[in-house]
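Participant:
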Ligand code: GLU
């Protein structure tokens, strides 16, 4: 309760996903910025489900969206969330927070618009609208509703309704005005109403359109800042006109720049993974993904790239947002993620990698290789970028390795030199104590003296069969004496 009192009711922001599929990484960034702003301002973060597009609705998507929000750990103050038993649930006094449960509310407000003369019934068929559009396109004019039903006589309207004609309800966009607003990121925007379509507010299935529901709900839920993607800028003037019709106070508008692929086009599947689920499946730590997303379109005014959630909350400001599209750089994500993984304990990595390990091994194999897996984690941890990388190199440790003889060669060594080096290291390994990585490394280095490359390269290749791998000491420590000696012997057979 004490906490609630300290909250700032002047800042209320929402994330409003539409359950038409899984969460796109750009949408998660939107949610995170709204959340950061709410936490920075000690305000409220709400989640509202916008499910009025019944044609595109995917029932399974709702659950998935909330599982994803749970996975990244964005806590909510009001709205829709998963409860302790992972069921969709709602909290807060201004609900329901699922639009399909608010139809009566929209009915009430559409009536108010009728009373104010700001809405009208439209009976035009889809075929007619298509023809109108085609005609406009042929004349190089933007496709817009030609307002045929805008001034239908009230008796005519009643008659059509009585006859059961299908209709939608449209908004009466005023003529010859300019709608102006200042976006917190994109600055001053002015749009002539002549370019704004008479937007459908209620569809023929009785559901509101996004444009109508978003305004009603943002107002009733006391949203102070509408934070959403830049693609909604062209819709904002319509929303502003609705606020004006109702004589409601406008929220502040904060549009976030698009997330772009390396080709500077809006990030889509062509460039790689875009669904948050895909990043989860690959084993990116959620806090690393959020850290990375925070830097997409927001400048923390420092060069520090790894920031804890606490630091992000402290530093976040709308003033630090910029309007240029933010490029999604997968290498940078990998780097940030690698930094987070490096700082995790081996135990945590092991625990969180269970799903990848179970995919790789049969259950009994998993148990019998327990020690070896722990060693691999200790060695590979600084190199992995995501948890699924752990099993990527498992082939080296658990399968027969294959490689060409030439790979054993360091600089201009000949077969005889390689043979000599391998014999030397074979002897060292056979006599060494491999229980401690440090001691083993010391022993090898002391025994080979100056000629490091000449011994360590062939040894490393003999143990890994790879051009790049962990160090020969680490490899031998993981593989154990018997397997290491066996692999050196195989290498020797190649040069004999
Ligand atoms: N339901 C909309 C979407 O999924 C939300 C847009 C908004 O935040 O106003 O993009």
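Residue numbers (the numbering used here): 598 to 1093.
Heads up, the beta-carbon is just placed ideally off N, CA and C, and yes, glycines get one too.
Just reading off the alpha helix (DSSP H) that residue 1012 is part of, what are its end residues?
Facilitator: Start and end: 1012-1028.
Participant: Can you name the start and end residues of the alpha helix (DSSP H) that residue 955 belongs to?
Facilitator: Its alpha helix (DSSP H) spans residues 951-957.
Participant: Could you tell me the distance, in whole angstroms, from the CA atom of residue 695 to the CA atom of residue 776?
Facilitator: In a straight line, the C-alpha of residue 695 is about 30 Å away from that of residue 776.
Participant: Give me every residue whose Cβ sits closer than 7 Å to any heavy atom of the ligand GLU, in chain order.
Facilitator: Counting every residue whose Cβ lies closer than 7 Å to a heavy atom of the ligand GLU, we get 613, 614, 615, 624, 647, 807, 811, 823, 825, 826, 829.
Participant: Please name the residue in 687, 666, 1002 whose C-alpha comes closest to that of residue 676.
Facilitator: Ranking 687, 666, 1002 by Cα distance to residue 676 puts 687 first.
Participant: For the region 829-840 against the region 856-865, are there 3 or more C-beta pairs whose distance is under 8 Å?
Facilitator: Cβ pair count under 8 Å is below three, so no.
Participant: Could you tell me whether the Cβ atoms of residue 1072 and residue 1057 are closer together than 8 Å?
Facilitator: Contact: yes.
Participant: Given a cut-off of 8 Å, decide if residue 1041 and residue 1085 are closer than it, judged by their beta-carbon atoms.
Facilitator: In this structure, residue 1041 does not lie closer than 8 Å to residue 1085 by Cβ.
Participant: In three-state terms, what does DSSP make of residue 1076?
Facilitator: Here residue 1076 sits in helix by DSSP.
Participant: On the three-pair Cβ rule with 8 Å, is the region 694-713 touching the region 731-743?
Facilitator: Judged by Cβ distances under 8 Å, the region 694-713 makes no contact with the region 731-743, as fewer than three pairs qualify.
Participant: Which class does residue 779 belong to by DSSP, given the choice of helix, strand or coil?
Facilitator: If DSSP states are grouped into helix, strand and coil, residue 779 belongs with the strands.
Participant: Under DSSP, the beta strand (DSSP E) around residue 644 begins and ends at which residues?
Facilitator: Counting along the chain, the beta strand (DSSP E) containing residue 644 begins and ends at 641-644.
Participant: DSSP state of residue 960, grouped into three classes?
Facilitator: Here residue 960 sits in helix by DSSP.
Participant: Please return the same chain residues whose Cβ sits closer than 7 Å to the Cβ of residue 1061, not counting the five positions on each side in sequence.
Facilitator: These residues qualify, in order along the chain: 993, 998, 1072.
Participant: Need the endpoints of the beta strand (DSSP E) that residue 626 sits in, please.
Facilitator: Segment 622-637 is the alpha helix (DSSP H) holding residue 626; no beta strand (DSSP E) there.
Participant: Determine the DSSP secondary structure at residue 686, reduced to helix, strand or coil.
Facilitator: Residue 686: strand per DSSP, three-state reduction.
Participant: If you draw a straight line from the alpha carbon of residue 789 to that of residue 773, how long is it in whole angstroms?
Facilitator: Taking the straight line from one Cα to the other gives about 7 Å.
Participant: Which of the three DSSP states, helix, strand or coil, is assigned to residue 694?
Facilitator: Residue 694: coil per DSSP, three-state reduction.
Participant: Let me confirm a value: residue 888 is counted as buried when at least 16 other C-beta atoms fall within 10 Å, else exposed. Which label applies?
Facilitator: It is buried - the Cβ of residue 888 has at least 16 other Cβ atoms within 10 Å.
Participant: Going by DSSP, what residues sit across from residue 678 in a beta bridge?
Facilitator: Its beta-bridge partners are 686.
Participant: I'd like the span of the alpha helix (DSSP H) that includes residue 1005, first residue to last.
Facilitator: No alpha helix (DSSP H) contains residue 1005, which DSSP labels as neither H nor E.
Participant: Let me make sure I understand the geometry here. Which of 1003, 941, 1004, 956 has the alpha-carbon closest to that of residue 974?
Facilitator: It is 941.
Participant: For the beta strand (DSSP E) holding residue 986, just list the boundary residues, first then last.
Facilitator: Element bounds for residue 986: n/a, residue is neither H nor E.
Participant: Would you mind reading off the limits of the alpha helix (DSSP H) that contains residue 877?
Facilitator: Here the alpha helix (DSSP H) through residue 877 covers 873-879.
Participant: With a threshold of 16 other CB atoms inside 10 Å of the CB of residue 1136, please say whether the residue is buried or exposed.
Facilitator: Nothing about residue 1136 can be read from this structure; the chain reaches only from 598 to 1093.
Participant: Name the residue from 638, 619, 627, 624 whose alpha carbon lies nearest to the alpha carbon of residue 606.
Facilitator: Comparing Cα-Cα distances from residue 606 to each of 638, 619, 627, 624, the minimum goes to 638.
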